[in-house]
Amino acid sequence: MNEKQRKAAIWVASILGCGALFYLGGLLSQVFTNYTIWMESGGMWGQTQIAAPDWNPVVCFLNAFSWNGVKAILLIAAVGAGIVIYVKVHEKFSQNQYDDRGFTKSKVGTYGTADWMTEKELKSVLELSTPERAAGMILGERKGQLVCLPENTRLNRHCAIFGASGTMKSRAVIRNALFSIIRRGESALIADPKSEMYSDTSELFRKNGCEVKVLNLVDPLHGDSWNCMSDLNGNTMMAQVLTNVIIGNTSNGKSDHFWDNGEANLLKALVLYTDLDKTLPPERKNLAYVYQLLTHNSEKTLTIMFEKLPPDHPARAPFNLFSQSSDTVKSGIILGLGTRLQVLQNEAVKQLVSFSDIDLTAPGSHKCAYYIILSDQETSMAFLSSLFFSFLFIKLTRFADLSPGGRCPVPVNLILDEFNNIGRIGGAPDGSDFCRSLSVIRSRDIRVM
Numbered sequence: 000m001n002e003k004q005r006k007a008a009i010w011v012a013s014i015l016g017c018g019a020l021f022y023l024g025g026l027l028s029q030v031f032t033n034y035t036i037w038m039e040s041g042g043m044w045g046q047t048q049i050a051a052p053d054w055n056p057v058v059c060f061l062n063a064f065s066w067n068g069v070k071a072i073l074l075i076a077a078v079g080a081g082i083v084i085y086v087k088v089h090e091k092f093s094q095n096q097y098d099d100r101g102f103t104k105s106k107v108g109t110y111g112t113a114d115w116m117t118e119k120e121l122k123s124v125l126e127l128s129t130p131e132r133a134a135g136m137i138l139g140e141r142k143g144q145l146v147c148l149p150e151n152t153r154l155n156r157h158c159a160i161f162g163a164s165g166t167m168k169s170r171a172v173i174r175n176a177l178f179s180i181i182r183r184g185e186s187a188l189i190a191d192p193k194s195e196m197y198s199d200t201s202e203l204f205r206k207n208g209c210e211v212k213v214l215n216l217v218d219p220l221h222g223d224s225w226n227c228m229s230d231l232n233g234n235t236m237m238a239q240v241l242t243n244v245i246i247g248n249t250s251n252g253k254s255d256h257f258w259d260n261g262e263a264n265l266l267k268a269l270v271l272y273t274d275l276d277k278t279l280p281p282e283r284k285n286l287a288y289v290y291q292l293l294t295h296n297s298e299k300t301l302t303i304m305f306e307k308l309p310p311d312h313p314a315r316a317p318f319n320l321f322s323q324s325s326d327t328v329k330s331g332i333i334l335g336l337g338t339r340l341q342v343l344q345n346e347a348v349k350q351l352v353s354f355s356d357i358d359l360t361a362p363g364s365h366k367c368a369y370y371i372i373l374s375d376q377e378t379s380m381a382f383l384s385s386l387f388f389s390f391l392f393i394k395l396t397r398f399a400d401l402s403p404g405g406r407c408p409v410p411v412n413l414i415l416d417e418f419n420n421i422g423r424i425g426g427a428p429d430g431s432d433f434c435r436s437l438s439v440i441r442s443r444d445i446r447v448m
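Residue numbers are given in numbering that gives the first Met the number 0: position 368 of the sequence shown equals residue 367, and the series is strictly consecutive.
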């Protein structure tokens, strides 16, 4: 029903309601008049009988405008108002109510309290707009208008979309979100398992003045490079995150804390050794060089290398923990870590991690569109996508904290399509880093879908 039909229906219902009110008022007015005449004639002791009311509509309408008619109309209105008030109070304080299908809904909350949003609630939280004027996040369509989350809402801008394959999540939700991001002049980082978003929207972002980059983890030769170690700069906390993410995303599903911890200590030591080596040119400080140190040197050679470091060198502590193991265990740790990082034997992957074309803080300072093309078939490169987003959260949050107002000058939108293929984000073994990030990045103008 459109707006004109709705207004016409309201007018018709109002006219019929008024007509019914006056008809009943006139009918009741005749009852009052006839009763008065009967009482004046002696009532039960008199010789006359009370006259019946005339049901003729004309007679009823004429009687509605008499003094008895006014009293009758007021009485009917009072009774109707009393019924409405009773129903409303009963609905408010009763334990149960009925939905549109006639099912009883409990207000106790034992089975949950979720309910469909009313029209009043919708208008107080969301905005209804035409496609030409819609500026916020498009959620759907209602009565010919777009339902949007307002651009300046104080509500949480994070959004979770669930749907089976073929339910048009990409077409109906993600593409609309990208078009809205372009219209608002914001940045977007898109996880793109099928590379279809890059094919369909990258040129549109370029035409609208966005810096476009693509981290292609399916075909590394056809994409930009990103050296995850370029963001360390001697920061041991970032080195710990890098280590935890690699170990957490290269397990085969079965975790043994003994071997995991040993491999993590060795990896962290090698990463810090490479990152803090002042004799090494910056272009060689990458995971490919770390893998080279691991595979081109024996355990004894590595021990000699680390013993030359100052006692307070950050790489000494994790290597000393590794060195506490027996020779057999150390050999197993080296073999296990080499197996985890064997994807770095690929020349294209070495090229991908050797230098950086991608600045993780750029989306917060000017309009950018970063596409991260993931494989939806195998997980050998999942640790790189997980590293990318883990470092992105850390770097963007710090960038926002140092910016005026504690927010990114340009709002950043993360579109994490096929979220499960990204890998575990953050260094926490239980994956809780991502949950913590969601709770704090909203105030920095970083949104996640």
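Positions of the beta carbon are idealized from the N, C-alpha and C atoms, including for glycine.
Predicted, not measured: the structure shown is a model, and the values here were computed from it.
So residue i and residue j are in contact, right, with Cβ under 8 Å, and what is the actual spacing, rounded?
i	j	result
SER194	ILE372	5 Å
CYS407	ARG443	6 Å
ARG423	SER385	6 Å
LEU127	LEU138	Contact flag wrong, Cβ pair sits at about 11 Å.
VAL352	ASN226	6 Å
VAL244	PHE382	6 Å
GLY261	ILE332	4 Å
GLY24	ILE75	6 Å
Which first and last residues belong to the beta strand (DSSP E) in which residue i is found?
i	result
ARG443	That residue, ARG443, is in no beta strand (DSSP E); it is neither H nor E in DSSP.
ASN215	210-215
SER128	126-128
How far does the alpha helix (DSSP H) with residue i in it extend, from its first residue to its last?
i	result
GLU282	Element bounds for GLU282: n/a, residue is neither H nor E.
GLN239	235-248
GLY331	326-339
VAL348	346-353
MET167	Looking at the DSSP string, MET167 is not in any alpha helix (DSSP H), and its letter there is neither H nor E.
TRP258	256-274
ALA316	315-322
TYR110	Looking at the DSSP string, TYR110 is not in any alpha helix (DSSP H), and its letter there is neither H nor E.
Using alpha carbons as the reference points, say which of the options lies closest to residue i.
i	options	result
ALA51	THR32, PHE64, LEU20, CYS17	THR32
LYS349	LEU220, ALA190, THR327	LEU220
ASP191	ILE75, ASP400, GLY331, VAL217	VAL217
ARG174	THR129, LEU74, THR200	THR200
GLU298	SER198, SER28, ASP276, GLY337	GLY337
TYR290	SER379, LEU340, ASN55, ARG441	LEU340
ILE357	VAL411, ASP400, GLU210, VAL30	GLU210
GLU150	GLU377, GLU262, ARG132, MET196	ARG132
PRO280	VAL172, ARG441, PHE354, TYR85	PHE354
LEU231	CYS59, THR249, LEU359, PRO403	LEU359
ASN264	TYR22, LEU293, GLU140	LEU293
PHE178	ASN207, GLU417, ASP432, ASN296	ASN207
ILE189	VAL411, GLY425, ALA12, ARG441	VAL411
PHE21	VAL11, CYS59, THR109	CYS59
SER229	PHE387, VAL83, THR327	PHE387
THR152	ALA171, LYS122, THR129	LYS122
Rounded to the nearest angstrom, what separates residue i and residue j at their Cα positions?
i	j	result
ALA287	CYS434	31 Å
ASN345	ILE180	36 Å
MET38	LYS6	48 Å
GLN239	LYS307	22 Å
LYS394	VAL213	18 Å
PHE305	PHE318	7 Å
ALA187	ALA113	32 Å
ALA19	VAL124	38 Å
ASP53	ALA71	15 Å
ASN419	VAL88	48 Å
SER28	ILE14	21 Å
THR302	THR273	15 Å
GLY16	GLU120	28 Å
GLU118	ASN285	56 Å
LEU266	THR242	6 Å
PHE204	ALA368	7 Å
ALA316	GLY233	15 Å
ARG183	LEU437	22 Å
SER431	SER389	12 Å
ASN155	VAL270	37 Å
PRO362	SER224	16 Å
SER325	MET136	58 Å
GLU185	LYS277	39 Å
GLN4	ALA12	12 Å
SER330	PRO310	24 Å
ASN67	VAL30	9 Å
Report yes if the C-beta of residue i is less than 7 Å from at least one heavy atom of the ligand GDP; otherwise report no.
i	result
LEU177	Ligands in the displayed structure: none, and consequently the ligand GDP is not present.
What does DSSP give as the partner residues of residue i in its beta bridges?
i	result
GLY139	VAL146
SER186	VAL411
TYR370	ILE189, VAL213
VAL447	LEU413
So, is the C-beta of residue i closer than 8 Å to a C-beta in chain B?
i	result
LEU125	Absent from the structure is chain B; it holds one protein chain and no more.
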